[in-house]
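The structure appears below as structure tokens.
Number of protein chains: 2
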Amino acid sequence: MSSPTRPRARVTIRHVAEKAGVAVGTVSRVLKGADTVAPAIAERVRAAIAELRYVPSLAAQSLRGQGSRTIGCIVPDVSNRLYAQVVDAVKDAVRARGYSIIVMNTGHVVDREVRSIETAMRWDVEGLILVGGFEDRPEVEALLGRLGFPLVQIDRARADTTTVRVDHGKGLREAIGYLLAAGHRRIGLVTPDGSSLQSRERMRAFEEICRAEGAEDNLALVRCVEVNENAGYDAAYDLLTAEAPPTAVVTLGGDVLAGVLRFVRMRGIELPRDLSLVAIGDNELTRSLDPPLTAVSWNFRALGASAVDALFARILGRESDEGRITTIDCRLIERESVRRLDPSAAGDG
Amino acid sequence: MSSPTRPRARVTIRHVAEKAGVAVGTVSRVLKGADTVAPAIAERVRAAIAELRYVPSLAAQSLRGQGSRTIGCIVPDVSNRLYAQVVDAVKDAVRARGYSIIVMNTGHVVDREVRSIETAMRWDVEGLILVGGFEDRPEVEALLGRLGFPLVQIDRARADTTTVRVDHGKGLREAIGYLLAAGHRRIGLVTPDGSSLQSRERMRAFEEICRAEGAEDNLALVRCVEVNENAGYDAAYDLLTAEAPPTAVVTLGGDVLAGVLRFVRMRGIELPRDLSLVAIGDNELTRSLDPPLTAVSWNFRALGASAVDALFARILGRESDEGRITTIDCRLIERESVRRLDPSAAGDG
DNA sequence: CACCACGGGACAGAATCCTAG
DNA sequence: CCTAGGATTCTGTCCCGTGGT
Chain F
1 MSSPTRPRAR VTIRHVAEKA GVAVGTVSRV LKGADTVAPA IAERVRAAIA
51 ELRYVPSLAA QSLRGQGSRT IGCIVPDVSN RLYAQVVDAV KDAVRARGYS
101 IIVMNTGHVV DREVRSIETA MRWDVEGLIL VGGFEDRPEV EALLGRLGFP
151 LVQIDRARAD TTTVRVDHGK GLREAIGYLL AAGHRRIGLV TPDGSSLQSR
201 ERMRAFEEIC RAEGAEDNLA LVRCVEVNEN AGYDAAYDLL TAEAPPTAVV
251 TLGGDVLAGV LRFVRMRGIE LPRDLSLVAI GDNELTRSLD PPLTAVSWNF
301 RALGASAVDA LFARILGRES DEGRITTIDC RLIERESVRR LDPSAAGDG
Chain Z
1001 MSSPTRPRAR VTIRHVAEKA GVAVGTVSRV LKGADTVAPA IAERVRAAIA
1051 ELRYVPSLAA QSLRGQGSRT IGCIVPDVSN RLYAQVVDAV KDAVRARGYS
1101 IIVMNTGHVV DREVRSIETA MRWDVEGLIL VGGFEDRPEV EALLGRLGFP
1151 LVQIDRARAD TTTVRVDHGK GLREAIGYLL AAGHRRIGLV TPDGSSLQSR
1201 ERMRAFEEIC RAEGAEDNLA LVRCVEVNEN AGYDAAYDLL TAEAPPTAVV
1251 TLGGDVLAGV LRFVRMRGIE LPRDLSLVAI GDNELTRSLD PPLTAVSWNF
1301 RALGASAVDA LFARILGRES DEGRITTIDC RLIERESVRR LDPSAAGDG
């Protein structure tokens, strides 16, 4: 009704200047924090801004060289809860600094990774956070090498890059240690394949601990899977219908866990009586199940916040942090999905 | 190592032009899809672009060109799975059209809603999608009234605005009808408070069906809660420790459901023997529980895709759609969390 | 003379710096 | 010396004009 075709009715700084009867430069000065503007004029300008509902154009500010006040965040899959929580923490930390964030999904597809990085460049982001998992292909490496703005990675392995990582190795060692103490000897592991840093850490830790305990047999009980429900189901089927099935399984959370549970339910396996289960990654699913699952947990908010801290340290010029690695702790939350198998091994008091 | 202080070494269209030995206008023409450029020149330009790794600045394009190729998406809480899935669908549909998206969280806080809308304006978004829930306060209304770009809402009630909504009323009617058919008479409902559109629809449907069935008593078994785990726990406590507790409860999914389940487990209540439970919103939690929960489900991707369709119809000039309301279906997924109470009422074969 | 490909310049909005009052 | 005006800058797009056929 108001106007048939609204021709980009943007209110610009000039409209404000005209309304307030001053020059555009003066309005700009008021906006940036009135250093050298007479109070009366500043007040007139502010009144005009409020009345016209003027909102400065980020495009223009960015173009002029203020920086875009934006950071990019590239994630394999935001609908995955594990990543979603990290991204959420990053988002909050970024917003707290008055910056905006654009989040991009790659779905683990190289081509989309490349395009995501290019999108970040198109936006003139002031910094980039790369979240999660997989090893970089040459094309991605090449792009990351000449970004022109700071890069921080979360749970990734790129060399010479500021990194915040979760101590997945320690988490897995705690889980296995706990299961061993409970008398389990045949222990399975379901984790993504080795192109993911986290998974490699877990597998290395698993191997070390198994060798140390003389339980090398367990190395045959590792299942590397895609991150989806059916893969979890298949892995569970594969492990638990074997001749000598494990008495305990440590599995990635989220959809993979959901698949494992589907198999467990279908077979009428009762937790923890027939099988002990430890989840990697803690959330409302692990907490809400009956029995609630013992899980390897880490602080998503700390992870995101640390990454943003590191990124802004670099944006704000402290180059010294380049290449620094921050490690976030990982610990076991004991719940009720693990059975004590061998009283003599576990009983101490 | 490469350069002590990198002074925004952005490659611009002019560098490309120089390298290719052409004018900037020609480069621009090649970029926009070679209309009237000689093939040989176009090839030279493309080579220069590739070699210099030129990526056009979105800020500049946005400023001079038609639009920012960006749409905004405002959500109460992305870490909530229900919203996360909608946002994900929106994200994909937007990307499929070559647009970028910026997602903003409000946490249901008015001030953050206002700032989110202003952020969208700063970005010069070409359209805005408002997701979820609560009624608008006057300040928000005022801003939305004079946006200057198309607005589509999902599951919101603003008048005269293109809307895509889920038929929560139908979903609830199906759930209650199913429970009634299974012989349940005392049925509880746990849902957010009435300032959310979805919740009001549910409560209205609940009231209608209860009156129609002469089960007005159930109106006292409605619990309006905050959307978090403790609120779910408290509501369950309140309902199930009463003198005449319901035999069935329909509850919002996600964190609220997790709280309800926590109470259920603590009390040793067995599903569905001691209590029948229907979840609103279906995801891997409802599917993975033992027993898997009967749930009210709707198609998140269709919801997001419809909203984006409607938005682009408006962006691309078809104003006729303004104010149109699209409804997404909502249906009950039968699983194993509902017990048949009364064989005479339920048995038919 | 008309037509087409390309060059060149103005312009979008905000910030900064120089100058004038 | 202090304040405010105004020109200039950033990058990509659009339009007009020119030169060649």
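In the order they appear, the protein sequences are chains F and Z.
Just so you know, the first sequence maps onto residues 1 to 349 in our numbering.
Just so you know, the second sequence maps onto residues 1001 to 1349 in our numbering.
Even glycine gets a Cβ: it sits at the ideal position worked out from N, Cα and C.
I'd like to know if residue 56 (chain F) contacts chain Z, where contact means its C-beta is closer than 8 Å to some C-beta of that chain. yes
If you count every other CB in all the chains shown that lies within 10 Å of the CB of residue 1109 (chain Z), and 16 or more means buried, which is it? exposed
If we ignore side chains and look at the alpha-carbon of each, how far apart do residue 1068 (chain Z) and residue 1062 (chain Z) end up? 4 Å
State the Cα-Cα distance for the pair residue 1171 (chain Z) and residue 1071 (chain Z), rounded to the nearest angstrom. Whole-angstrom Cα-Cα distance: 30 Å.
Expressed to the nearest angstrom, what Euclidean distance is found between the alpha-carbon atoms of residue 215 (chain F) and residue 173 (chain F)? 14 Å
Buried or exposed: residue 1 (chain F), going by 16 or more other Cβ atoms within 10 Å of its Cβ? Any reading at residue 1 (chain F) must be qualified, since the residue scores a pLDDT of 35, below 50, and its modelled position is unreliable; the value itself is stated next. Classification of residue 1 (chain F): exposed, given that the 10 Å Cβ count is below 16.
Which residue spans inside the region 196 to 268 of chain F form an unbroken beta strand (DSSP E) run of at least 3? 222 to 225 and 248 to 252
Is it buried or exposed, residue 1032 (chain Z), if we count other Cβ atoms within 10 angstroms and call 16 or more buried? exposed
So, residue 1283 (chain Z) versus residue 1146 (chain Z), is the Cβ gap smaller than 8 Å? no
Below-8 Å beta-carbon distance, residue 1355 (chain Z) vs any chain F residue: In the structure as shown, chain Z begins at 1001 and stops at 1349. Residue 1355 (chain Z) is therefore absent and cannot be evaluated.
DSSP state of residue 173 (chain F) mapped onto helix, strand, coil: helix
Cβ pair residue 1052 (chain Z), residue 1011 (chain Z) closer than 8 Å: In this structure, residue 1011 (chain Z) lies closer than 8 Å to residue 1052 (chain Z) by Cβ.
Mind checking whether residue 78 (chain F) and residue 90 (chain F) have CB atoms under 8 Å apart? no
Relative to the C-alpha of residue 1276 (chain Z), which residue among Z:1028, Z:1118, Z:1294 and Z:1044 is closest? The candidate whose alpha carbon is nearest that of residue 1276 (chain Z) is Z:1294.
Taking the DSSP output, what are the residues bridged to residue 1192 (chain Z)? DSSP, once it has assigned bridges, lists Z:1225 as partnering residue 1192 (chain Z).
Contact residues within the region 70 to 81 of chain F, judged by C-beta distance below 8 Å to chain Z: 78, 79 and 81
Just to confirm, are residue 156 (chain F) and residue 162 (chain F) a CB contact at a threshold of 8 Å? no
To which residues does DSSP link residue 130 (chain F) through a beta bridge? F:74 and F:153
Quick one: complete beta strand (DSSP E) runs, 3+ long, within the region 34 to 104 of chain F? 70 to 75
Rounded C-alpha distance that separates residue 306 (chain F) from residue 256 (chain F): Taking the straight line joining both Cα atoms gives about 27 Å.
Name the DSSP beta bridge partners of residue 338 (chain F), please? Paired residues: none, contrary to the question.
Compile a chain-ordered list of the residues in the region 119 to 133 of chain F whose CB is closer than 8 Å to at least one CB of chain Z. 119, 121, 122, 123 and 124
At 7 Å on the CB atoms, spell out the chain Z contacts of residue 100 (chain F), in chain order. 1102 and 1119
Checking contacts by CB at 8 Å: is residue 1148 (chain Z) closer than that to chain F? yes
Partners in chain F for residue 1284 (chain Z), counting only beta-carbon separations shorter than 8 Å: 229, 254, 255, 258 and 285
Closer than 8 Å, CB to CB, is residue 1290 (chain Z) near chain F or not? yes
Neighbour-count burial assignment, residue 1121 (chain Z), 16 or more Cβ in a 10 Å radius: Flag for residue 1121 (chain Z) reads buried.
If we call anything under 8 Å between Cβ atoms a contact, is residue 1288 (chain Z) one with residue 258 (chain F)? Note that the C-beta distance between residue 1288 (chain Z) and residue 258 (chain F) is below 8 Å.
Chain-order list of residues whose beta-carbon lies under 6 Å from that of residue 202 (chain F) (same chain, five-residue window excluded): 168, 172 and 191
Taking the Cβ atom as the reference point for each residue, do residue 1247 (chain Z) and residue 1260 (chain Z) lie within a distance shorter than 8 Å? no
For residue 1347 (chain Z) and residue 1175 (chain Z), what's the separation of their Cα atoms in angstroms? Note that residue 1347 (chain Z) scores 40 on pLDDT, short of 50, meaning its location in the model is unreliable; the coordinates nonetheless yield the value given after this. Rounded to the nearest angstrom, the two C-alpha atoms are 18 Å apart.
Would you tell me roughly how many angstroms separate the C-alpha atoms of residue 131 (chain F) and residue 1178 (chain Z), rounded to the nearest one? 44 Å
In the DSSP assignment, the beta strand (DSSP E) including residue 1331 (chain Z) goes from what residue to what residue? 1330 to 1333
By the criterion of Cβ-Cβ separation under 9 Å, what are the contact partners of residue 297 (chain F) in chain Z? Residues of chain Z passing the Cβ test: none, with the nearest at roughly 16 Å.
Mind checking residue 1036 (chain Z): buried by the 16 CB within 10 Å criterion, or exposed? exposed
Assuming contact is defined by CB atoms lying nearer than 8 Å, are residue 1041 (chain Z) and residue 1024 (chain Z) in contact in what I supplied? Not a contact, by the Cβ cut-off of 8 Å.
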